[in-house]
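This report concerns only the one structure given below.
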Amino acid sequence: MYHGIILDKEFKNREFVNFFKIFNKRKSTDTDWLLYGIEVEDEVIKETIKEIQNNLKENEPYYTHLYNRRELIVIFKNKVFYTTLDKSTWKEFVDYGLNLGIPREQLNVAPIKFEEEKDYFST
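Written out as structure tokens, the structure reads:
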């Protein structure tokens, strides 16, 4: 089982978020984004990644991430990074995001552990 964080504004159609099993949601504290916590079964992870890429807005620097207890998957429109939960392994996707114009503070991916979700969604 993977969990992930998606934004309603990053997709061509905001209703795309309803494609997922949503376990929580919150409004961003600094933007008008709605952030959703989603669940994705292991068996459909590859198809889900493709669906996310196909539905991300064109020519806008959005990404989303999925995680389980050992892996972090960072999904951009034209590239997917498979890495670990250890921040020291994130340089490649952070550099890619910076080159797209995403501010560094928005590339500090969170949550990345199931245990962090309660705090993340309560803020």
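Position 42 of the sequence shown, counting from 1, maps to 42 under the UniProt record's numbering, and the rest follow consecutively.
By construction, the Cβ of each residue, glycine as well, lies at the ideal position given by its N, Cα and C atoms.
Bear in mind that the values here come from a model prediction, so they are computed numbers and not experimental data.
Rounded separation between residue 124 and E43 - CA only: Nothing can be reported for residue 124: it is not among the residues displayed for the chain, which extend from 1 to 123.
Residue burial classification, K77 (beta-carbon count within 10 angstroms, cutoff 16): Residue 77 sits at position 77 when you count from the first residue of the sequence shown. Looking at its Cβ environment, which holds 16 or more other Cβ atoms inside 10 Å, K77 is buried.
Nearest residue (CA-CA) to K9, options V109, E51, D95, E60: Reading the sequence shown from its first residue, position 9 is the one you call residue 9. Ranking the options by Cα distance to K9, first place goes to E60.
Proximity to E116 [Cα-Cα], best of Y67, Y62, K46, E92: In the sequence shown, the residue the question calls residue 116 occupies position 116. That would be Y67, whose Cα lies nearest to the Cα of E116.
DSSP three-state assignment for Y73, whether helix, strand or coil: What you label residue 73 is simply residue 73 of the sequence shown in a count that begins at 1. As written in the sequence, residue 73 is Ile, which differs from the Tyr given in the question. DSSP places I73 in strand when its eight states are reduced to three.
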